[in-house]
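Visitor: Here UniProt numbering is used: the first residue of the sequence shown is 1, the next is one more, and so on. Ideal placement from N, C-alpha and C gives every residue a C-beta, glycine not left out. Please read these numbers as outputs of a predicted model, since none were measured by experiment. I have a structure here, written as structure tokens, and I will follow up with some questions on it.
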Amino acid sequence: MTSHIRPQPGIMEIALYQGGASHVAGRTDAIKLSSNENPFGPSDKAKDAFAKCAHTMHRYPSTDHVRLRQAIGDVHGLEPDRIICGVGSDEIIHLLCQSYVGARDEVIFTEHGFLMYRIATQAAGGTPVQVRERERTTDVDAILAACTKKTKLVFLANPNNPTGTMIGLAELERLAGGLPKGVLLVIDGAYAEYVEGYDGGAELATRLPNVFMTRTFSKIYGLGGLRIGWGYGSREVIDVLNRVRGPFNMSTAQLETAEAAVRDQDWVTKCRDDNTRLRAWLAEALAEKGVPSDTSTANFILARMASEEEASACDAFLKSEGVIVRLVGGYNLPNCLRITVGDEPSCRRVAHLIGVFKASQAGAGV
């Protein structure tokens, strides 16, 4: 029987998001370096806060998230009433598209940008517009040239996933200043904490009404399993988003764990320092084995292989040895592997195995 129930236009055009693999068949000792998770996990203070939530699971959570918003504001020097909390920054992205994008509206993002930008745009009935990058780095002029009267949002991850590259604050401000009236620039700062001294676009979002910033607790805070994110922008935009946000979108466990996590900045500093050290070591180790990468400012390396075939073969070899990385053909980078910077043993293991793979390729005359 044929159903006459049809989804909204654009929904069936969405390619399902494929997360990083977590398991290798037949192995129990696999190392997961495919999802850019913090290998050190959350802080002890965050773990303690989560455990205490077991005693209040029968109570509804806060609807205004005031304590978490205040904590974020205290730590980052931001106004709490300009903050919104969501189920990961993914929900904030969806809320932005739901609120500002409709049929025939356009949303711009870069060719190697986060896949959720396209998905959220299509879910809202809008038209995704992909613009080129320059050597895997955001090209401000290309974005400005792509703007039309139909443009509503511009999404820009800075640092970008999966390239790990970023542009400076002067370029971000030039982009914001060059956008047509009525276009909102969304700076996705999911990896901002990995860049010492970088505010993720917070100052621009404070000063410029056409700039909005998203952040997450899934990366450096080690809370990917809880799904907690937040956004910051003008009161006008926050008011709009809160009108479509579900009143109980955040659980008590999410709110209280995130509050403890954001107030423990000593843990953030430790994780950033360890990541910086191991990221530099891994990039150099891969380069010595003939695998180049751009300078990464995040918690992963984008390893560039000679071809799509070599990338696939290397991925298969690593899996056979119990190491999971991420093929990124879906990000228009078919010859690349995105490798999370894990702890020191993981970094040494993946570098050694890629060296073994490259040597076998050379020995086979490939």
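Judging by CA-CA distance, which residue of E308, C97, A258 and T127 is the nearest neighbour of K45?
Guide: Minimum Cα distance to K45 is reached at A258.
Visitor: I'd like the list of long-range same chain contacts for I354, defined as Cβ closer than 7 Å, with 5 residues on each side in sequence excluded.
Guide: If we look at I354 and ignore the five residues flanking it on each side, its Cβ neighbours are L286, K289, V291 and C314.
Visitor: Just checking my contact of R227 with G88 at CB under 8 Å: how many whole Å lie between their CB atoms?
Guide: About 4 Å separates the two Cβ atoms, so the contact holds.
Visitor: Looking only at C-alpha atoms, which of E196, R235 and I119 sits nearest to Y331?
Guide: For the residues E196, R235 and I119, the minimum Cα distance to Y331 belongs to I119.
Visitor: How do the region 298–311 and the region 248–266 stand: do at least 3 beta-carbon pairs fall below 8 Å, yes or no?
Guide: No, the region 298–311 does not touch the region 248–266.
Visitor: Is the region 50–60 touching the region 154–166 in the sense that three or more CB pairs, one from each, lie closer than 8 Å?
Guide: No: the two stretches stay apart, fewer than three of their Cβ pairs being nearer than 8 Å.
Visitor: Any contact of the region 226–242 with the region 90–102, i.e. 3+ C-beta pairs under 8 Å?
Guide: In short, these stretches touch, since the Cβ pair count reaches three.
Visitor: Under 8 Å by Cβ, that's how I've got N36 and T269 pegged, so tell me the actual separation to the nearest angstrom.
Guide: Not quite, the Cβ-Cβ distance comes to about 19 Å (not below 8 Å), so this is no contact.
Visitor: Would you report the Cα separation of K150 and E13, rounded to the nearest angstrom?
Guide: K150 and E13: Cα-Cα distance of roughly 20 Å.
Visitor: Roughly how many angstroms separate the alpha carbons of T165 and A283, rounded to a whole number?
Guide: Rounded to whole angstroms, T165 to A283 spans 14 Å at the Cα level.
Visitor: Looking at the strands, I want to know which residues DSSP matches up with Y100.
Guide: DSSP output for Y100 lists no bridge partner at all.
Visitor: Residue range of the alpha helix (DSSP H) that E259 falls in?
Guide: Counting along the chain, the alpha helix (DSSP H) containing E259 begins and ends at T252 to R263.
Visitor: Over the uninterrupted beta strand (DSSP E) stretch that includes E193, give me the two end residues.
Guide: Looking at the DSSP string, E193 is not in any beta strand (DSSP E), and its letter there is neither H nor E.
Visitor: Are three or more beta carbon pairs between the region 130–147 and the region 98–115 nearer than 8 Å?
Guide: Yes: the two stretches touch, three or more of their Cβ pairs being nearer than 8 Å.
Visitor: Against chain D, does T137 count as a neighbour if the rule is that its beta carbon must be under 8 Å from one of theirs?
Guide: In the displayed structure, chain D is absent; only one protein chain is listed.
Visitor: Give me, in chain order, the residues of the same chain whose beta-carbon lies closer than 8 Å to that of F248; leave out the 5 immediate sequence neighbours on both sides.
Guide: Closer than 8 Å at Cβ, skipping near neighbours: Y60, P61 and T63.
Visitor: Any idea what DSSP makes of V240, helix, strand or coil?
Guide: It is helical.
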